[in-house]
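A.B. asks: In numbering that gives the first Met the number 0, the protein residues as written are 0 to 600.
Every residue gets a Cβ at the ideal spot worked out from N, C-alpha and C, and that includes glycine.
Just dropping this structure here.
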Amino acid sequence: MESQIVRRRVNMITAHLTAHDDISASATHLFPMSCSSSLNSAIPRYDNRMNYARQSSSSQACFMRPNSSEQGSCTESASSFKANDYAKKSSRAFEGPMFSRPANNTTQGCKHNGTAEEAPKFARPRTRTNEAPRFQLKERRNELESNGSEWSPRMDVAESGSMYVVSIELPGVNISDIKVEVSDKSLIVSGNRSTQCKLASYLNGLVSAYHKKEIAQGPYRVFWPLPSNANKDRVSAEFVATTALAIISLVFAFDDENVLKPPHIPGSQNLLTKSEIIQLKGAVGPESIAFDPNGEGPYTGVADGRILKWKGSYWSDFAVTSSHRKNCTLPFAPELEHICGRPLGLRFDTKTGELYIADAYFGLQVVGPKGGLATPLVQKFEGKPLVFTNDIDIDDHDDVIYFTETSTKYQRRQFFASLLSGDKTGMLMKYVKSTQQTKILIRGLAFANGVALSKNKSFVLVAETSTGRIFRYWLKGPYKGKHDTFAELPGFPDNIRMNSKGEFWVALHAKRSVFAQLSVSDLELGKALLKLPITAQQLDNLLAGGQPHATAIKLSEDGQVLEVLEDVEGKTLRSISEVQEKQGKLWFGSVLMPFLGVYGL
């Protein structure tokens, strides 16, 4: 909900910004990007019921125009801070637009004469004014030639309920040249920009003359007064570097809220800290869990391509999905997954005792009750190789296998690219044993993941990880062949497993913070995150709110939440991928951890 408000506010602000020099007096919804004529002043604003201002240099007069036709577009990165109920506590009667300006012209700079009863006036002079149009882009650029004069970065502000999203654009600035200072009352971002070194490197250190020089250089400074309820000890910053743009994202925490923090789920029980751990020893990433028809196991697939069987006190090798095992000696080597295999979803056929495997790189496979090398069943569809096979379930009665293809563009080791790029090429598919035919049931899924049949086999569920939704595809009844939304969850759902009562356990890889929601819904932000010089593990931690945790949700046969179990701080379990209920115990898998978890109900 908060991310929708953020997006609505950003769209509203963007729609109200003109890209022309002449702004008519009727344009009363203009977002003031600057209202200061010196580096040491800040004008409090009250029309959005929160004190804040933007600092600019004197050469920019009162306002700096964002995204004008001459300036080009800017890539945004969301940086957020929260104001809790600050706006709600205000008793001001002003109910005008959040970002406004009066109809009259201003000729002598910005002055604030507002009171608590009347919103302050923010005026931006039109080009037809007695004062020289210093704010015009060409003249401002001439004044900001590279002579050491100060300049001011552009900044966007968006509102989302109890928080504000702030992005500061710093093109051509290295992270080492950015200084962030926070006091009890203000935030200051300052530093220095220089392109001389870059030019010198291209021209072998020789610059004989400039034919054009418009890039502002020298020190910059952005000043932002913080609200009175800001917690300065919980302010963090993210630097996002893209090919031609640098953005510093500032995250402000107010009281007990944070846009990076995973949300609280009402009614959840923090009980999974009491879970027991079964270490894998020399292996990592037990994504899925299965018990054979005799109740033995569990069996689990790990990152080096093996499928292991628990013998009560130790693990033994049971099966592999690839015959090319010579170099498959490391517990975790994503660069070798396409050679060694990566078994994900596991299911036993209760009639034959065969284990069916969804291998991310080798498609749908099967191995006999004694294990060994698995046999491929489906590796291509419509003449094209499967790219990212994920999970599986079996209808033992009709001998039909349901499985997911997460993406037709990205392989498993590129799963963050699929998650953050807006990829919607995932599919729910079925394979009929008797005819060896494969059919697509649902196309266009955003990161198709877990699969589970209902107890009466009337429908099959599939998780869409990017959106947090569980879809229901009807196999029988009046809605046969159609699908609808079964549940919407506050996180990133992975595998789905049914218990003996017909209820469904869903593992959340992580709960969905406001930042995580924006990351998967805003393509520009998602692409910027993919370009960060950080590891996949660091990116995973960022989307998990900096604190990997465990969340398991039990759903009824009609999609209602029955129970939520958590390890909120990740003390014992983290980043779970599957929950399997067996004989009064919950077994937990994880695509990242080197162990299984067991919790007694």
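1) Hey, out of Leu585, Thr403, Ser417, whose CA is closest to leucine 363's CA?
2) Closer than 8 angstroms by C-beta to lysine 429: which residues in its own chain qualify, once you throw out the five before and the five after it? Chain order, please.
3) What residues in its chain sit with their C-beta under 6 angstroms from that of valine 366, if we drop five residues either side in the sequence?
4) Look up serine 189 in the DSSP assignment and give the residues it is bridged to.
5) Could you tell me which of Phe361, Gly443, Leu376 sits nearest to arginine 411, measuring between CA atoms?
6) Restricting to Cα atoms, I'd like to know which of Lys581, Gly569, Val590 is closest to threonine 272.
7) Output needed for lysine 553: all residues of its chain with C-beta closer than 6 angstroms, excluding positions within five of it in sequence on either side, in chain order.
8) What residues in its chain sit with their C-beta under 8 angstroms from that of glutamate 565, if we drop five residues either side in the sequence?
9) Which residue's Cα is closest to the Cα of lysine 481: Phe470, Ile277, Arg341?
10) Can you tell me the Cβ-Cβ gap for alanine 359 and threonine 328, rounded? I've got them flagged as a contact below 8 angstroms.
11) Skipping 5 residues on each side, what residues in its chain have a beta carbon closer than 6 angstroms to that of glycine 421?
12) Look at the alpha carbon of leucine 488 and the alpha carbon of glycine 467, and state the distance between them as a whole number of angstroms.
13) Per DSSP, what are the beta-bridge partners of glutamine 436 in this structure?
14) Exposed or buried, alanine 208, counting other C-beta atoms within 10 Å across all chains shown (16 or more means buried)?
15) Helix, strand or coil: which one does DSSP assign to alanine 416?
16) In chain order, what are the residue ranges of uninterrupted beta strand (DSSP E) at least 3 long that sit wholly in the region 324-349?
17) With a threshold of 6 angstroms on Cβ separation, who are the neighbours of methionine 497 within its own chain once the five nearest residues in sequence on each side are excluded?
18) In angstroms, rounded to a whole number, what distance separates the CA positions of valine 258 and threonine 424?
19) CB phenylalanine 415 to CB leucine 529, shorter than 9 angstroms?
20) Taking just the CA atoms, how far does proline 375 sit from lysine 383?
21) Can you give the Cα-Cα distance for lysine 584 and valine 172, rounded to whole angstroms?
22) At which residues does the alpha helix (DSSP H) containing valine 519 begin and terminate?
23) What residues match up with valine 450 in a beta bridge as DSSP calls it?
24) Suppose the cutoff is 7 angstroms on Cβ atoms and the five residues either side in sequence are ignored; what does the same chain contact list for glycine 370 look like?
25) According to DSSP, is glutamate 562 helix, strand or coil?
26) Assign proline 532 to one of two classes, buried (16 or more other C-beta atoms within 10 Å of its C-beta) or exposed (fewer than that).
27) Could you check what DSSP says for glutamine 536 in three-state terms: helix, strand or coil?
28) Can you look up leucine 585 in the DSSP assignment and give me helix, strand or coil?
29) Considering only the beta carbon of each residue, do serine 603 and valine 597 sit closer than 9 angstroms?
30) Taking the continuous beta strand (DSSP E) assigned at asparagine 498, which residues delimit it?
31) Where isoleucine 338 and glycine 190 are concerned, what is the direct C-alpha to C-alpha distance, given to the nearest angstrom?
32) Suppose you measure from the CA of phenylalanine 222 to the CA of asparagine 494; what does that come to, to the nearest Å?
C.D. replies: Looking at the coordinates:
1) Of Leu585, Thr403, Ser417, the residue nearest in Cα terms is Thr403.
2) Closer than 8 angstroms at Cβ, skipping near neighbours: Val399, Ile400, Tyr401, Phe402, Thr437, Lys438, Leu440.
3) In chain order, Ala318, Leu354, Ala373 place their CB closer than 6 angstroms to the CB of valine 366, counting only its own chain and leaving out the 5 sequence neighbours on each side.
4) Paired residue(s): Lys178, Arg220.
5) Among Phe361, Gly443, Leu376, the Cα nearest to that of arginine 411 is on Phe361.
6) Among Lys581, Gly569, Val590, the Cα nearest to that of threonine 272 belongs to Gly569.
7) Around lysine 553: Glu502, Trp504, Leu561, Glu562.
8) Same-chain partners within the cutoff: Ile264, Ser267, Gln268, Asn269, Leu270, Leu271, His548, Ala549, Thr550, Ala551.
9) Closest by alpha carbon: Phe470.
10) Incorrect: roughly 19 angstroms between the Cβ atoms, too far for contact.
11) These residues qualify, in order along the chain: Leu522.
12) Distance between the alpha carbons of leucine 488 and glycine 467: 5 angstroms.
13) Per the DSSP secondary-structure output, glutamine 436 pairs in a beta bridge with Val431.
14) Exposure of alanine 208 is indicated by the presence of fewer than 16 other C-beta atoms within 10 angstroms of its C-beta.
15) Secondary structure of alanine 416 (DSSP, three-state): helix.
16) Counting whole runs of 3 or more residues, the region 324-349 contains the beta strand (DSSP E) stretches 342-347.
17) Only Ala451, Phe503 meet the Cβ criterion.
18) The alpha-carbon atoms of valine 258 and threonine 424 are separated by roughly 29 angstroms.
19) Between phenylalanine 415 and leucine 529, the C-beta spacing is below 9 angstroms.
20) Computed Cα separation, rounded: 15 angstroms.
21) Take the alpha-carbon of lysine 584 and the one of valine 172: they are about 54 angstroms apart.
22) First-last of the alpha helix (DSSP H) with valine 519: 513-520.
23) Its beta-bridge partners are Val461.
24) Apart from the 5 residues on each side of it in sequence, glycine 370 sits with its Cβ closer than 7 angstroms to the Cβ of Phe317, Ala318 in its chain, given in chain order.
25) Strand, per DSSP.
26) Label assigned to proline 532: exposed.
27) DSSP places glutamine 536 in helix when its eight states are reduced to three.
28) Of the three classes helix, strand and coil, the one that applies to leucine 585 here is strand, per DSSP.
29) There is simply no residue 603 to check, as the chain begins at 0 and stops at 600 in what is shown.
30) Asparagine 498: not part of any beta strand (DSSP E); DSSP gives it neither H nor E.
31) So the two alpha carbons sit approximately 48 angstroms from each other.
32) C-alpha separation (whole angstroms): 47 angstroms.
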